[in-house]
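Peer 1:
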Amino acid sequence: MASYPKMEQYGGIYGYNTKGIAKFENDVVASFHFGASVNAAGSETRFEVYGDNTNVIHGIGFNKIKILGPDDKTEKISLDVGGTKVWGHRQCDTHFIESLLNDETPSVTLDDAIIAHEIANKITDNLR
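Under the numbering used here, the residue at position 114 of the sequence shown is numbered 114, and the numbers go up by one with no gaps.
(1) Which residue marks the beginning of the alpha helix (DSSP H) containing Leu110, and which one marks its end?
(2) Helix or strand or just coil, what does DSSP make of Phe34?
(3) Leaving out the 5 sequence neighbours to the left and right, which residues in its chain are closer than 6 angstroms to Gly20 when beta-carbon positions are compared?
(4) Have a look at the DSSP bridge pairing and note the partners of Ser78.
(5) Please confirm if the stretch 11–29 is in contact with the stretch 92–111, defined as three or more CB-CB distances below 8 angstroms between the two stretches.
(6) Using CA coordinates, which residue listed in Leu100, Cys92, Arg46 is at the minimum distance from Phe34?
(7) For Thr94, which three-state DSSP category applies?
(8) Is the beta carbon of Ile119 sitting closer than 9 angstroms to the one on Ala22?
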């Protein structure tokens with residue numbers, strides 16, 4: 001399920017709100033929620049794996065992670081990250097370039113990308 005409202009009052013940029021549930025080949029089930037507004041502090045990511053440990057990983061903004069454990073423990077982690085490092089693109093690009101330079105096979109394959117696109121298309125079907 002996805003919603004990408006156009007915000008004319010902010011120059012026509014899009015906010016986003018995406019929710020999904022995925023079941024993996026090993027029968028692990030996860031739910032995820034990605035949302036953001038024009039304000040960086042309004043960015044939120046939530047990923048919950050349904051299984052034995054019942055942990056919830058909650059990303060807040062670009063530099064905070066909150067882990068909710070099964071026994072009411074909460075762990076808060078602040079990341080010392082800024083600039084373009086807050087997006088995953090930079091890390092993916094760096095990994096790919098380093099793999100080429102070191103004559104190694106990247107850990108992410110074309111098949112992984114195809115699967116990711118198939119999942120994203122299923123989540124956003126309601127936008128078409």
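Heads up, the beta-carbon is just placed ideally off N, CA and C, and yes, glycines get one too.
Peer 2: Checking against the coordinates, here is how it stands:
(1) Against the sequence shown, residue 110 aligns to sequence position 110. That run of the alpha helix (DSSP H) goes 110–123.
(2) As a working mapping, residue 34 is identified with position 34 in the sequence shown. Strand at Phe34.
(3) Taking the sequence shown and counting its residues from 1, the one referred to as residue 20 is at position 20. Phe32, Ile123.
(4) Working through the sequence shown from its first residue, we reach residue 78 at position 78. DSSP lists Lys64 as partners of Ser78.
(5) no
(6) Taking the first residue of the sequence shown as position 1, residue 34 is located at position 34. When each option's Cα is compared against that of Phe34, the closest is Arg46.
(7) Locating residue 94 in the sequence shown gives position 94, counting from the first residue. Three-state result, Thr94: helix.
(8) Locating residue 119 in the sequence shown gives position 119, counting from the first residue. Locating residue 22 in the sequence shown gives position 22, counting from the first residue. Yes, the pair counts as a contact, with Cβ atoms nearer than the cut-off.
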